[in-house]
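Enquirer:
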Ligand code: 1HN
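Numbering (the working numbering), first residue to last: 4 to 348.
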């Protein structure tokens with residue numbers, strides 16, 4: 004049933020009188036906000052090749068000193084949302100951030116949750132909630148809502164990382180703001196060391212200073228080893244994937260977005276069923292063809308792409324003789340909390 008009355012069917016003076024009273028009729032807009040079966044999605048399948056971002060990002064390093072930028076980032080904007088909205092999807096923001104040797108991105112905290120996936124370079128670190136987290140290619144570092152964070156760089160080459168935030172959702176909900184701070188004192192201890200051993204956890208009753216986020220850094224070496232071991236242990240397993248979780252609770256690491264790493268076996272094609280969340284794919288090692296809703300992208304190392312929800316996605320390892328590894332982000336935790344998470348097969 005799509006034949007609801009249109010706005011043009013109403014007398015002009017009637018519509019004007021309503022508008023003067025801050026009133027609008029629902030029925031001309033009802034199908035727009037509540038379409039049949041499938042939501043309206045602005046998110047388009049999009050590919051951001053790293054090799055074409057990189058020169059522009061390095062140029063930003065010459066044009067804009069860190070003091071003038073605070074965070075020197077080129078935003079990966081989905082054209083379906085309009086570039087100025089700085090959205091990859093409804094809830095996800097993506098940006099490539101550059102920190103040059105000796106630079107300092109000062110301490111602040113904010114309501115949006117962030118993670119960083121390190122793309123290039125050695126010697127930089129993020130201090131999160133007093134914990135110094137070294138950055139190496141493929142590492143995932145969390146800066147969950149409300150935690151102080153600042154970035155420094157003691158190395159000799161540019162460092163680049165991919166920021167993933169739930170900023171669009173927080174902004175839409177009118178809860179997005181930041182607070183500036185001062186340089187943090189680094190406290191000893193590393194959550195990733197305390198939680199590095201499978202099957203055993205520090206006994207919660209004896210842990211001093213309970214933390215909602217006990218682990219802030221997920222080293223790539225550990226994640227890759229977990230994927231390779233899983234693949235070797237389950238030779239017929241199609242979906243060789245891990246979820247980044249809070250080791251104390253087993254829940255997703257953050258409240259809104261979910262993070263995963265996937266291994267594609269040599270030559271493998273994996274079909275991901277249509278699910279409600281939009282997804283982001285970032286190739287950590289290898290080469291992967293991403294196909295979704297009639298679009299197809301060939302991703303090489305450090306490339307990023309996103310796909311809308313309610314569409315199936317196929318991922319093909321372009322390497323016939325070696326596995327490829329993909330970091331993924333999606334909106335599953337949000338959809339589950341909203342009660343709208345769906346798998347459609
Ligand atoms: C932010 O705080 C960082 O701390 C990076 O590195 C990107 C994008 C929007 C809002 C805050 C950072 C950000 C951001």
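The C-beta atom is built at its ideal place from N, Cα and C for all residues, glycine as well.
Helix, strand or coil for residue 64? Go by DSSP, reduced to three states.
Expert: It is helical.
Enquirer: In terms of residue numbering, what span does the beta strand (DSSP E) encompassing residue 298 cover?
Expert: It spans 298-302 - the beta strand (DSSP E) in which residue 298 sits, taken as one unbroken run.
Enquirer: Within a Cβ cutoff of 8 Å, which residues of the same chain sit near residue 110, ignoring the five residues on either side of it in sequence?
Expert: For residue 110, where only same-chain residues beyond five positions count, the Cβ hits under 8 Å are 130, 151, 152, 153, 183, 184, 185, 186, 187.
Enquirer: Would you say the beta carbon of residue 100 comes nearer than 7 Å to a heavy atom of the ligand 1HN?
Expert: Yes, the ligand 1HN has a heavy atom inside 7 Å of this Cβ.
Enquirer: Classify residue 330 as buried or exposed, calling it buried when 16 or more other Cβ atoms lie within 10 Å of its own Cβ.
Expert: By the neighbour-count rule (16 or more Cβ atoms within 10 Å), residue 330 is buried.
Enquirer: May I have the straight-line CA-CA distance separating residue 168 from residue 33, to the nearest angstrom?
Expert: Whole-angstrom Cα-Cα distance: 31 Å.
Enquirer: Report the rounded CA-to-CA distance for residue 335 versus residue 208, giving the unit in angstroms.
Expert: Going by the C-alpha atoms only, they are around 31 Å apart.
Enquirer: Are the CB atoms of residue 147 and residue 116 nearer to each other than 8 Å?
Expert: Yes.
Enquirer: Any contact between the region 303-314 and the region 222-239? By contact I mean 3 or more CB pairs, one from each, below 8 Å.
Expert: No, the region 303-314 does not touch the region 222-239.
Enquirer: For a test of the three-state rule: what should DSSP assign to residue 24, helix, strand or coil?
Expert: Three-state result, residue 24: coil.
Enquirer: Bridge partners for residue 259 per DSSP, in chain order?
Expert: DSSP lists no partner for residue 259.
Enquirer: Strictly by DSSP, which residues pair up with residue 320?
Expert: Answer is 291, bridged to residue 320.
Enquirer: As a quick exercise: from 39, 118, 24, pick the residue whose alpha carbon is nearest that of residue 6.
Expert: Closest by alpha carbon: 39.
Enquirer: Determine the direct distance from the alpha carbon of residue 264 to that of residue 252, and round the result to whole angstroms.
Expert: Spanning the two alpha carbons is a distance of roughly 19 Å.
Enquirer: So, is residue 113 buried or exposed, given that buried needs 16 or more other C-beta atoms within 10 angstroms?
Expert: The residue in question, residue 113, is buried, as its Cβ has 16 or more Cβ neighbours within 10 Å.
Enquirer: Pick out whichever of 161, 243, 214 has its Cα sitting closest to the Cα of residue 228.
Expert: Minimum Cα distance to residue 228 is reached at 243.
Enquirer: Hey, how far is the Cα of residue 245 from the Cα of residue 50?
Expert: If I take the Cα positions, the gap works out to 23 Å.
Enquirer: For residue 37, count neighbouring C-beta atoms within 10 Å of its own C-beta (all shown protein chains included) and say buried if the count is 16 or more, exposed if not.
Expert: Answer is exposed; the Cβ neighbour count stays below 16.
Enquirer: In the DSSP output, what is residue 97 paired with across the bridge?
Expert: Beta-bridge pairing links residue 97 to 167.
Enquirer: From which residue to which residue does the beta strand (DSSP E) around residue 152 run?
Expert: 152-156 is the span of the beta strand (DSSP E), which, as asked, contains residue 152.
Enquirer: Going by DSSP, what residue range makes up the alpha helix (DSSP H) through residue 338?
Expert: It spans 335-341 - the alpha helix (DSSP H) in which residue 338 sits, taken as one unbroken run.
Enquirer: Whole angstroms are fine: how far does the CA of residue 93 sit from the CA of residue 314?
Expert: One C-alpha to the other measures close to 15 Å.
Enquirer: Does the beta carbon of residue 74 fall short of 7 Å from some heavy atom of the ligand 1HN?
Expert: Residue 74 Cβ: within cutoff of the ligand 1HN.
Enquirer: From residue 283 to residue 12, what distance separates their C-alpha atoms?
Expert: So the alpha carbons of these two residues sit roughly 43 Å apart.
Enquirer: Measuring straight from C-alpha to C-alpha, what distance separates residue 286 and residue 327?
Expert: Approximately 8 Å, taken between the alpha carbons.
Enquirer: Hey, does residue 262 have any beta-carbon neighbour from chain B nearer than 8 Å?
Expert: Given the protein chain composition of this structure (a single chain), no chain B is represented.
Enquirer: Under three-state DSSP, which class holds residue 120?
Expert: It is a strand residue.
Enquirer: If we ignore side chains and look at the alpha-carbon of each, how far apart do residue 219 and residue 317 end up?
Expert: Distance between the alpha carbons of residue 219 and residue 317 is about 31 Å.
Enquirer: Residue 46 to residue 161, Cα distance in whole Å?
Expert: Each residue's Cα considered, the two are about 31 Å apart.
Enquirer: In the DSSP assignment, what residue or residues form a beta bridge with residue 107?
Expert: Bridge partners of residue 107: 155.
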